[in-house]
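**Student:** If you're matching them up, the sequences are chains A and B in order. At position 32 of the first sequence the residue is numbered 32 (this note's numbering), and the sequence of numbers has no breaks. For this note's numbering, add 1000 to where a residue sits in the second sequence, where the first one is 1. Right, I'll just put the structure down here and ask away after.
There are 2 protein chains.
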Amino acid sequence: MRPYKELSKEELVLLKEELEKKFEEEKSKGLKLDMSRGKQTTSQLDMTMSIMDVLDSDSVLKTEDGLDCRNYGLMDGIPEAKKLLGDIMGVPAENVLVYGNSSLSIMYDAVSHSVTHGVMGSTPWCKLDQVKFLCPVPGYDRHFKVTEYFGIEMIPIPMTPAGPDMDLVEEYVNNDPTVKGIWCVPKYSNPQGISYSDETVRRFANLKPAAEDFRIYWDNAYAVHHLYEDKQDEILEILSECEKAGNPDLVFEFCSTSKISFAGGGIAGMASSVANLKSIREGMTVRTIGYDKVNQLRHVKYFKDLNGVLAHMKRHAEILRPKFEAVLDVLDREIDGLGIADWTRPVGGYFISFDAMEGCAKEIVAKCKEAGVVLTGAGATYPYGKDPKDSNIRIAPTFPTPEEMAAATDLFVLCVKLVSVKKLLGEMSE
Amino acid sequence: MRPYKELSKEELVLLKEELEKKFEEEKSKGLKLDMSRGKQTTSQLDMTMSIMDVLDSDSVLKTEDGLDCRNYGLMDGIPEAKKLLGDIMGVPAENVLVYGNSSLSIMYDAVSHSVTHGVMGSTPWCKLDQVKFLCPVPGYDRHFKVTEYFGIEMIPIPMTPAGPDMDLVEEYVNNDPTVKGIWCVPKYSNPQGISYSDETVRRFANLKPAAEDFRIYWDNAYAVHHLYEDKQDEILEILSECEKAGNPDLVFEFCSTSKISFAGGGIAGMASSVANLKSIREGMTVRTIGYDKVNQLRHVKYFKDLNGVLAHMKRHAEILRPKFEAVLDVLDREIDGLGIADWTRPVGGYFISFDAMEGCAKEIVAKCKEAGVVLTGAGATYPYGKDPKDSNIRIAPTFPTPEEMAAATDLFVLCVKLVSVKKLLGEMSE
Chain A
1 MRPYKELSKE
11 ELVLLKEELE
21 KKFEEEKSKG
31 LKLDMSRGKQ
41 TTSQLDMTMS
51 IMDVLDSDSV
61 LKTEDGLDCR
71 NYGLMDGIPE
81 AKKLLGDIMG
91 VPAENVLVYG
101 NSSLSIMYDA
111 VSHSVTHGVM
121 GSTPWCKLDQ
131 VKFLCPVPGY
141 DRHFKVTEYF
151 GIEMIPIPMT
161 PAGPDMDLVE
171 EYVNNDPTVK
181 GIWCVPKYSN
191 PQGISYSDET
201 VRRFANLKPA
211 AEDFRIYWDN
221 AYAVHHLYED
231 KQDEILEILS
241 ECEKAGNPDL
251 VFEFCSTSKI
261 SFAGGGIAGM
271 ASSVANLKSI
281 REGMTVRTIG
291 YDKVNQLRHV
301 KYFKDLNGVL
311 AHMKRHAEIL
321 RPKFEAVLDV
331 LDREIDGLGI
341 ADWTRPVGGY
351 FISFDAMEGC
361 AKEIVAKCKE
371 AGVVLTGAGA
381 TYPYGKDPKD
391 SNIRIAPTFP
401 TPEEMAAATD
411 LFVLCVKLVS
421 VKKLLGEMSE
Chain B
1001 MRPYKELSKE
1011 ELVLLKEELE
1021 KKFEEEKSKG
1031 LKLDMSRGKQ
1041 TTSQLDMTMS
1051 IMDVLDSDSV
1061 LKTEDGLDCR
1071 NYGLMDGIPE
1081 AKKLLGDIMG
1091 VPAENVLVYG
1101 NSSLSIMYDA
1111 VSHSVTHGVM
1121 GSTPWCKLDQ
1131 VKFLCPVPGY
1141 DRHFKVTEYF
1151 GIEMIPIPMT
1161 PAGPDMDLVE
1171 EYVNNDPTVK
1181 GIWCVPKYSN
1191 PQGISYSDET
1201 VRRFANLKPA
1211 AEDFRIYWDN
1221 AYAVHHLYED
1231 KQDEILEILS
1241 ECEKAGNPDL
1251 VFEFCSTSKI
1261 SFAGGGIAGM
1271 ASSVANLKSI
1281 REGMTVRTIG
1291 YDKVNQLRHV
1301 KYFKDLNGVL
1311 AHMKRHAEIL
1321 RPKFEAVLDV
1331 LDREIDGLGI
1341 ADWTRPVGGY
1351 FISFDAMEGC
1361 AKEIVAKCKE
1371 AGVVLTGAGA
1381 TYPYGKDPKD
1391 SNIRIAPTFP
1401 TPEEMAAATD
1411 LFVLCVKLVS
1421 VKKLLGEMSE
């Protein structure tokens, strides 16, 4: 395929006409597909249904220590659920708290609590003139919404294939005392599917923050979400790296079973140093007498241990892999070599990140919508919803079937081509 | 029985010796009983076990609208759970949000959100020099802990048999713009078991707050927690009273199934005006994609409707009634007429409130502890844990058996007598 930039104006005009014709044809098909959100598909959820059978009215709803899960108490989680989530994150149970069903809520609460009460006794952020967070981009829109909601200034940090640009991270964190946090999805990042290199993790662990209340918000959302048996990313365990670096309190880590068991009925947890957890428990004891321990027990009985989780996730991978491959096949076949886009090839996680030519993302998303394919809003992967290059689009292939994903991607590449051609013609006439 | 105050010094001295001897005897029995917290007893929890059977792997985990409860979405609760909690509170489903498992968490979040973001667009409380809450006393310690944690100044408001002293409430709320809230347990109040009279509810609904962001924090924790078939309190429904009074946005109401199904696995909700809920959802959407909808569905399938809840609570009452009566029998028999104490005779809820002679509560609780009976800390029913009269003690009869409760109360009255006698002797020698 010849790169579009090598085409003459006449060739581009002809191509544009051809693509527009095709687009109208596609549009008339009345597609109705959604590749906007990273959510489990029905067959994944069906696969987990036997979790509904592990507890019944004959079950003894007690922890291994004999505590009644049905009653008040055990505020920060049952010991066996701490161990299970700890094993998923690679940290000891004593470093884990188990909350409700959503890691997003835990992150929100961590930020909200810092705003009202500071971090381990520091000045509450609401008393400060300026609070900043570093935001690796492209990143997860819901992270950015949390910081935006609290009026925290967000500074974009470019991602590299090894993780965030650590030169820039170090420069900010080690020198600017108003920088209080950084959002990280360290493994199979949202949306690029990048896993941080060992060097990146070590550089994180060795930060020397100017602010005592700076924390790394380490959203380990895809810790066990591999797509392949033979290609799996692993990252260094951050808590122990921080400990080694003499920075034991540097990290708040989060995880959940939303994409392991049920998004609408899972469990979520947080890992941190014993000192951080002590401080967090002081707020927690005001907020709750305890989360849903019956559901914690249900998860432990169902998965049993990390091996149970990994076996389960292998079956998830079998469902998800063909969807990712369907998207990548179409992208490879249709636009590789045209010089109008780049995309990632993740071996885990829930997303593919797509970079169109500058200034094209919004129009591509609009075109897709016009023809019945919903994508995550362009810009969503950047703080304040503003992608300065208007280039990044997040593709979420998990929910539709492989066939639907192929159809949706066919339409998507058509829109990418059409918008790119128009863009190039526009540049010529300028 | 002759009132202690009519006894001569010599009689009191003799009585004291006798009581001290008895106390040492009791102490040597090595009792180990806890009447400190309002929690369900094991037989209540056992009674609910079939809730574990209503959903299994053959169930269709969908809402009545066909939405998959297992996946993301329906942030503010499934429609049928809104209806169920709404029926418990006596409000339409459209006025209800369903959260996680704990109404305390919802209350905490409501206060926390007001601190960081204000109420329906008002100035965030963290930007204000002074924020005050009215606290009917005696009241619920965990309410007071929430406001204390956020540095909110608490003003005690005496309770009357009809609810809080409304003259005082009106004086504060209608004139002082720094008063932003009042904690209420309107039905079978904690700890007195008082239900607000219709006049009290109407006066609440007709408040003319000086602060636009004043709200009544209406913790309807014991809405269906009657002890008797033939003696049941009912209160006016506050949301509609507020609506009638032209104050539709005045109330945040809270409830949960912690003392209906399982404290460690229930559901909780909030009711308010449509305008309040709209504002609350704006924060909620930043915090979560949705709570545990599977457990919401489980509760709806188990209870079916309000009648199901009421039938269930009748069986709870059969378990709890003998415990309350065991306490009251001992109190009546042992100290009625001695002029050293007053106590409430609730027909619902989870507590009995006991008022000792001034300056005696702490020592009574300490004495009980010395002999193996744990009571809620004296003072806990007051803001900052400070009962100015050192008189009120909360008795929680629900967890131990009726026999244990009788034994614990026997010890309790012994301690009450002993401490009272010592107090009277001390006054004589002053």
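No residue lacks a Cβ here, since even glycine has one placed at the ideal position from N, Cα and C. Every value quoted in this text rests on a predicted model; they were computed, and no experiment measured them.
Could you please give me the residues that DSSP links to residue 1392(B) through a beta bridge?
**Tutor:** Stepping through the second sequence from its first residue, residue 1392(B) is reached at position 392. Residue 1392(B) is bridged to 1355(B).
**Student:** Among the residues of its own chain, which have a CB less than 6 Å from the CB of residue 1350(B), if the five just before and after it don't count?
**Tutor:** In the second sequence, the residue the question calls residue 1350(B) occupies position 350. Result list for residue 1350(B): 1038, 1398, in chain order.
**Student:** Looking only at its chain, what residues have a beta carbon closer than 7 Å to the beta carbon of residue 156(A), apart from the 5 residues adjacent to it on each side?
**Tutor:** Residue numbering aside, residue 156(A) sits at position 156 when the first sequence is read from its first letter. 135, 137, 382, 383, listed in sequence order.
**Student:** DSSP three-state call for residue 1407(B): helix, strand or coil?
**Tutor:** Residue numbering aside, residue 1407(B) sits at position 407 when the second sequence is read from its first letter. Three-state DSSP puts residue 1407(B) in a helix.
**Student:** Which value, in whole angstroms, describes the spacing of the CA atoms of residue 1426(B) and residue 1358(B)?
**Tutor:** Indexing the second sequence from 1 puts residue 1426(B) at position 426. Indexing the second sequence from 1 puts residue 1358(B) at position 358. Going from the Cα of residue 1426(B) to the Cα of residue 1358(B) covers about 13 Å.
**Student:** Quick one: which residues of the segment 1291-1319 of chain B get their C-beta closer than 8 Å to a C-beta of chain A? List them in chain order.
**Tutor:** For the segment 1291-1319 of chain B, which is checked against every Cβ of chain A, the residues closer than 8 Å are 1291, 1292, 1293, 1294, 1295.
**Student:** Closest to residue 325(A) by C-alpha separation, out of 395(A), 173(A), 44(A), would be which residue?
**Tutor:** In the first sequence, the residue the question calls residue 325(A) occupies position 325. Minimum Cα distance to residue 325(A) is reached at 395(A).
**Student:** Does DSSP classify residue 1237(B) as helix, strand or coil?
**Tutor:** Numbered from its first residue, the second sequence carries residue 1237(B) at position 237. Here residue 1237(B) sits in coil by DSSP.
**Student:** Cα separation between residue 1390(B) and residue 127(A)?
**Tutor:** Residue numbering aside, residue 1390(B) sits at position 390 when the second sequence is read from its first letter. Residue numbering aside, residue 127(A) sits at position 127 when the first sequence is read from its first letter. Each residue's alpha carbon lies about 37 Å from the other.
**Student:** Given that residue 1263(B) touches chain A, what residues does it touch there, using C-beta distances under 8 Å?
**Tutor:** The count along the second sequence starts at 1 and reaches residue 1263(B) at position 263. Per Cβ cutoff of 8 Å: 70, 71, 72, 289, 290.
**Student:** Got a sec: is the Cβ-Cβ distance from residue 1116(B) to anything in chain A below 8 Å?
**Tutor:** For the purposes of this step, residue 1116(B) is identified with residue 116 of the second sequence, where counting begins at 1. Output row for residue 1116(B): interface = yes.
**Student:** Within the segment 1204-1251 of chain B, note down every full beta strand (DSSP E) run reaching 3 residues or more, in order along the chain.
**Tutor:** Segments of the beta strand (DSSP E) lying fully in the segment 1204-1251 of chain B: 1215-1219.
**Student:** Since residue 1035(B) and residue 1405(B) should fall inside the 8 Å C-beta cutoff, what is the C-beta to C-beta distance between them, to a whole number of angstroms?
**Tutor:** For the purposes of this step, residue 1035(B) is taken as residue 35 along the second sequence, with counting starting at 1. For the purposes of this step, residue 1405(B) is taken as residue 405 along the second sequence, with counting starting at 1. That belief holds up - the Cβ atoms of residue 1035(B) and residue 1405(B) are roughly 7 Å apart, short of 8 Å.
**Student:** Just verifying my parser: in three-state terms, what is the DSSP assignment at residue 13(A)?
**Tutor:** Within the first sequence, numbered from 1, the residue matching residue 13(A) stands at position 13. Note: residue 13(A) maps to helix in three-state DSSP.
**Student:** Give the DSSP-derived three-state secondary structure of residue 86(A) in the structure shown.
**Tutor:** Mapped onto the first sequence, residue 86(A) falls at position 86. It is helical.
**Student:** Does residue 65(A) pass the burial test, meaning 16 or more other C-beta atoms within 10 Å, or should it be called exposed?
**Tutor:** In the first sequence, residue 65(A) corresponds to position 65, counting from 1. Under this definition residue 65(A) is an exposed residue.
**Student:** DSSP three-state label for residue 1364(B), please.
**Tutor:** Translated into positions along the second sequence, residue 1364(B) becomes position 364. Reduced to three states, the DSSP call for residue 1364(B) is helix.
**Student:** Unbroken beta strand (DSSP E) runs of length 3 or more, entirely within the segment 1058-1108 of chain B: which are they?
**Tutor:** With a minimum length of 3 residues, the continuous beta strand (DSSP E) runs that stay inside the segment 1058-1108 of chain B are 1096-1098.
**Student:** Suppose contacts are defined by Cβ-Cβ distances below 8 Å. Is residue 1498(B) in contact with residue 1239(B) by that definition?
**Tutor:** In the structure as shown, chain B begins at 1001 and stops at 1430. Residue 1498(B) is therefore absent and cannot be evaluated.
**Student:** Less than 8 Å between CB atoms is the rule here; does residue 1286(B) satisfy it with respect to chain A?
**Tutor:** Looking up residue 1286(B) in the second sequence gives position 286. Output row for residue 1286(B): interface = yes.
**Student:** Within the present structure, is the beta-carbon of residue 1027(B) separated from the nearest heavy atom of the ligand ZN by less than 7 Å?
**Tutor:** The ligand ZN is not part of the structure shown, which contains no ligands of any sort.
**Student:** Anything in the segment 1320-1343 of chain B with a Cβ closer than 9 Å to a Cβ of chain A? List those residues in chain order, please.
**Tutor:** Cβ contacts with chain A: none found.
**Student:** If you compare alpha carbons, which of 19(A), 106(A), 273(A) is closest to residue 92(A)?
**Tutor:** What you label residue 92(A) is simply residue 92 of the first sequence in a count that begins at 1. Ranking 19(A), 106(A), 273(A) by Cα distance to residue 92(A) puts 273(A) first.
**Student:** With distances taken Cα to Cα, identify the nearest neighbour of residue 1186(B) among 1302(B), 1217(B), 1208(B).
**Tutor:** The residue you call residue 1186(B) lines up with position 186 of the second sequence. Considering only alpha carbons, the answer is 1217(B).
**Student:** For my contact list, residue 233(A) and residue 184(A) are in at a C-beta cut-off of 8 Å; report their separation, rounded to the angstrom.
**Tutor:** Reading the first sequence from its first residue, position 233 is the one you call residue 233(A). Reading the first sequence from its first residue, position 184 is the one you call residue 184(A). With a Cβ gap of about 14 Å, residue 233(A) and residue 184(A) do not count as contacting.
**Student:** Considering just the uninterrupted stretch of the alpha helix (DSSP H) at residue 46(A), what are its terminal residues?
**Tutor:** Within the first sequence, residue 46(A) is the residue found at index 46, counting from 1. Element bounds for residue 46(A): 42-47.
**Student:** Could you confirm whether any beta carbon from chain B is found closer than 8 Å to the beta carbon of residue 374(A)?
**Tutor:** Residue 374(A) sits at position 374 when you count from the first residue of the first sequence. No, residue 374(A) does not count as interfacial toward chain B.
**Student:** In this structure, how does DSSP classify residue 1254(B) when only helix, strand and coil are distinguished?
**Tutor:** The sequence position of residue 1254(B) within the second sequence is 254, counting from 1. Three-state DSSP puts residue 1254(B) in a strand.
**Student:** Could you have a look at residue 185(A) and say whether DSSP puts it in helix, strand or coil?
**Tutor:** Here residue 185(A) is taken as the residue at index 185 of the first sequence, counted from 1. Looking at residue 185(A) - three-state DSSP - the assignment turns out to be coil, as it is neither helix nor strand.
**Student:** Going along chain A, which residues have a C-beta under 7 Å from residue 1040(B)?
**Tutor:** For the purposes of this step, residue 1040(B) is identified with residue 40 of the second sequence, where counting begins at 1. Within chain A, the residues near residue 1040(B) are 71.
**Student:** Nearest by alpha-carbon distance to residue 1376(B): which of 1111(B), 1271(B), 1142(B), 1178(B) is it?
**Tutor:** Position 376 of the second sequence, counted from the start, is the residue given in the question as residue 1376(B). For residue 1376(B), the nearest C-alpha among the options comes from 1142(B).
**Student:** Got a sec: is the Cβ-Cβ distance from residue 1145(B) to anything in chain A below 8 Å?
**Tutor:** For this step, residue 1145(B) is matched to residue 145 along the second sequence. Judged by the 8 Å Cβ criterion, residue 1145(B) is in contact with chain A.
**Student:** I'd like the span of the beta strand (DSSP E) that includes residue 1136(B), first residue to last.
**Tutor:** Reading the second sequence from its first residue, position 136 is the one you call residue 1136(B). Unbroken beta strand (DSSP E) run through residue 1136(B): 1132-1137.
**Student:** Do you know offhand how far residue 1284(B)'s Cα is from residue 113(A)'s?
**Tutor:** Here residue 1284(B) is taken as the residue at index 284 of the second sequence, counted from 1. Here residue 113(A) is taken as the residue at index 113 of the first sequence, counted from 1. Their backbone Cα atoms lie some 16 Å apart in a straight line.
**Student:** Are the CB atoms of residue 152(A) and residue 119(A) within a distance shorter than 8 Å?
**Tutor:** Position 119 of the first sequence, counting from 1, holds the residue named residue 119(A). Position 152 of the first sequence, counting from 1, holds the residue named residue 152(A). For residue 119(A) and residue 152(A), no; Cβs fall outside 8 Å.
**Student:** Identify every residue that forms a DSSP beta bridge with residue 1375(B).
**Tutor:** Taking the second sequence and counting its residues from 1, one reaches residue 1375(B) at position 375. Residue 1375(B) pairs with 1035(B).
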